Amino acid sequence: MAVRNCDWLEFFNSLLAPGQYTINSVPHWIPASPDQQMGVWNQLSGSPYVAGQYEGAQIGYLTTGMLEKRPPATVKGQSDWVLRWRAGNRPGFTGGLRVRFYAGNQLLAEHVESGATIPAAGMFAERSLPFTIPAGSPAIGYQVRFTIEVGFGFQANFDDFRRESTDPGPGCTADLNFDNAVTDEDFQFFVERYNELIARPDGGGDLNFDFLVDDSDFQLFVVQYNTLECPE
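Residue numbers for the sequence shown follow my numbering, beginning at 55 and rising by one.
Right under this line is the structure:
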């Protein structure tokens, strides 16, 4: 079995200083309706926006709307998946957050924050959504996509979305964007992780699973570079 881990998105805008935020702009996400309020907030020390977050932490927020992400990946049979994220609740804005995972238009799994499951005001809570794609599933071969949805009149905060998947067969450990090939896009992803002395929780770039992203991982990447179709 080949375990391949990757974060799809960190809610980050390099132009934001602490205390600043964007409106209707979340990098790499598709808004369902451009007129809905959404964006990225850069935490300011002592700000009540989200308690307990360090200065400079960037989080996504959404009020009454939907964001969608479509990574270049397709669903494979006999694969295990886990979506992980942190759900937050801004004081004064009770958050009703729903996360859905699709293959094409087929809903595969969802998680809903409501009532007692909503994090305490001003706090974040770790969330996960595990599921398995069986052999012969009608979802096999369809493009992966997932959505973040917030109901009318609500606001929710979120951070650290990532996917973990285990696929059958050898695969390509250097296929960091899960498009069944190792190309320049994977190299760009790897470069962003290179020389991180402590690997991120998503594991992206740590090809030998030693919790570092260094020369030993680069040597493994080079061997697989320009693999145009990963083996099943």
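Cβ atoms here follow ideal geometry from the backbone N, Cα and C, with glycine treated the same way.
Values in this document were obtained by computation on a predicted structure and should not be read as measured data.
Is it the case that the Cβ atoms of residue i and residue j are separated by a distance below 8 Å?
i: Gln91; j: Thr117; result: yes
i: Asn143; j: Gly93; result: no
i: Ser191; j: Gly131; result: yes
i: Leu230; j: Phe244; result: yes
i: Pro85; j: Asn67; result: no
i: Glu218; j: Arg138; result: yes
i: Glu203; j: Arg152; result: yes
i: Pro125; j: Leu98; result: no
i: Val322; j: Ser79; result: Missing from the structure shown is residue 322; the chain here goes from 55 to 286 and no further.
Could you tell me which of the options sits nearest to residue i, measuring between CA atoms?
i: Gly119; options: Trp135, Trp139 and Gly150; result: Gly150
i: Val276; options: Gly205, Thr76, Val94 and Val236; result: Val236
i: Tyr196; options: Asp271, Asp260 and Gln160; result: Gln160
i: Thr76; options: Arg199, Tyr156 and Tyr115; result: Tyr115
i: Pro184; options: Trp83, Thr171, Phe206 and Ala163; result: Ala163
i: Tyr279; options: Arg247, Asp271 and Phe241; result: Phe241
i: Tyr156; options: Val136, Ala170 and Ala193; result: Ala193
i: Val166; options: Asp260, Ala210 and Asp268; result: Ala210
i: Phe208; options: Ala189, Ile172 and Leu274; result: Ile172
i: Asp238; options: Thr281, Phe206 and Thr201; result: Thr281
i: Trp83; options: Ala189, Thr201 and Leu274; result: Thr201
i: Trp95; options: Phe212, Arg216, Gln273 and Phe206; result: Phe212
Since residue i and residue j should fall inside the 8 Å C-beta cutoff, what is the C-beta to C-beta distance between them, to a whole number of angstroms?
i: Thr227; j: Asp134; result: Wrong, their Cβ atoms sit about 16 Å apart, outside the cutoff.
i: Ala141; j: Ala174; result: About 11 Å; that fails the 8 Å criterion.
i: Glu109; j: Arg199; result: Wrong, their Cβ atoms sit about 33 Å apart, outside the cutoff.
i: Gln112; j: Leu70; result: 7 Å
i: Asp260; j: Asp271; result: 6 Å
In the DSSP output, what is residue i paired with across the bridge?
i: Gln197; result: Thr128
i: Phe178; result: Gly142
i: Phe206; result: Paired residue(s): none; Phe206 is not in a bridge.
i: Arg216; result: Arg138
i: Gly8; result: No answer is possible for residue 8: the residues shown for the chain start at 55 and end at 286.
i: His165; result: Val153
i: Pro85; result: Leu121
i: Val94; result: Gly114
i: Phe185; result: Trp135
i: Asn280; result: Partner(s): none; Asn280 has no beta bridge.
i: Asn67; result: Beta-bridge pairing links Asn67 to no other residue.
i: Asn159; result: Answer is none; Asn159 lacks a bridge partner.
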